[in-house]
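The structure under discussion appears below in the form of structure tokens.
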Amino acid sequence: MKKNQWVIIVLCVISSVIVGCSSNHVKLQKASDYKKTKSVEYSLTERQCLMRAMYFESNRSSREGMIAVGTVVMNRVNSSAYPKTICGVVGQRKQFAPGVLTRPMLEKASVARVKEAADAVLRGERDKKSKNAMFFHTAGLSFPYKNMHYVRVAGATLSTKNVCMMDRFKFLLMTVLMMLRLLFLKNVLVI
Numbered sequence: 309m310k311k312n313q314w315v316i317i318v319l320c321v322i323s324s325v326i327v328g329c330s331s332n333h334v335k336l337q338k339a340s341d342y343k344k345t346k347s348v349e350y351s352l353t354e355r356q357c358l359m360r361a362m363y364f365e366s367n368r369s370s371r372e373g374m375i376a377v378g379t380v381v382m383n384r385v386n387s388s389a390y391p392k393t394i395c396g397v398v399g400q401r402k403q404f405a406p407g408v409l410t411r412p413m414l415e416k417a418s419v420a421r422v423k424e425a426a427d428a429v430l431r432g433e434r435d436k437k438s439k440n441a442m443f444f445h446t447a448g449l450s451f452p453y454k455n456m457h458y459v460r461v462a463g464a465t466l467s468t469k470n471v472c473m474m475d476r477f478k479f480l481l482m483t484v485l486m487m488l489r490l491l492f493l494k495n496v497l498v499i
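Under our numbering, think of the first position of the sequence shown as 309, with each following residue one higher.
Okay, structure coming up:
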């Protein structure tokens, strides 16, 4: 193997270790323990941003789906790779539903349920099965990525929007492995 290929391999491995080590590894609370911990104060704006993400992304399918979406939002807030505020995370370009911060929440009956779920997430409740998931998408959609590791499907029925969660570590690991595999193909990378 050429010396340049070894250099690329070493750089890929080192960069993946640095990326993995630089993120905040937050120990998530058990849903049953959230009342025992100190509450963090969030502004009405932060609460509204979380409510909007939960409203539009979970399709109001179930409390479970809303809490799963809220868990991903809070995981991103606690990660050094994303903005440090809920509105910053939810407002990131092409990360959440189009118009998530501007469209009206028209289903008044759902707004009360979303508000309760958002308040629970802000008090520390998390979806246990989602753990450290940083990404989600609608169940039933097919993506060509082989580096997705699904850790959870949350939602009420097949006719509603479910949420698939992907573990960040597995996502990064599979990305690095695919990069390494590309290095061994001829004429793919020229240095």
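From the three backbone atoms N, C-alpha and C, an ideal C-beta is built for every residue, glycine too.
In whole angstroms, give me the CA-to-CA distance for residue i and residue j.
| i | j | result |
| --- | --- | --- |
| L358 | V429 | 9 Å |
| S249 | K439 | The structure shown has nothing for residue 249, since the chain only spans 309 to 499. |
| R360 | K436 | 22 Å |
| A417 | G378 | 19 Å |
| K402 | S388 | 19 Å |
| T353 | F443 | 23 Å |
| S452 | E365 | The sequence as given places Pro at residue 452; Ser does not occur at that position. Using only the alpha carbons, I get a separation of about 22 Å. |
| V461 | M413 | 24 Å |
| R411 | A441 | 26 Å |
| A420 | G373 | 15 Å |
| G399 | G432 | 21 Å |
Identify the continuous alpha helix (DSSP H) that holds residue i and give its terminal residues.
| i | result |
| --- | --- |
| R384 | R371 to V385 |
| L430 | K416 to L430 |
| V397 | I394 to V398 |
Between the Cα of residue i and the Cα atoms of the options, which residue gives the shortest distance?
| i | options | result |
| --- | --- | --- |
| V408 | I394, A376, M442 and E433 | I394 |
| A376 | S388, N386, M362 and A389 | M362 |
| V397 | V419, A441 and V380 | V380 |
In chain order, what residues of the same chain lie with their CB nearer than 7 Å to the CB of residue i, ignoring the 5 residues before and after it?
| i | result |
| --- | --- |
| L336 | Because the pLDDT of L336 is 35, which lies under 50, any placement of that residue in the model is unreliable, and the question is left without a value. |
| R355 | A426 and L430 |
| Y390 | R384 and V397 |
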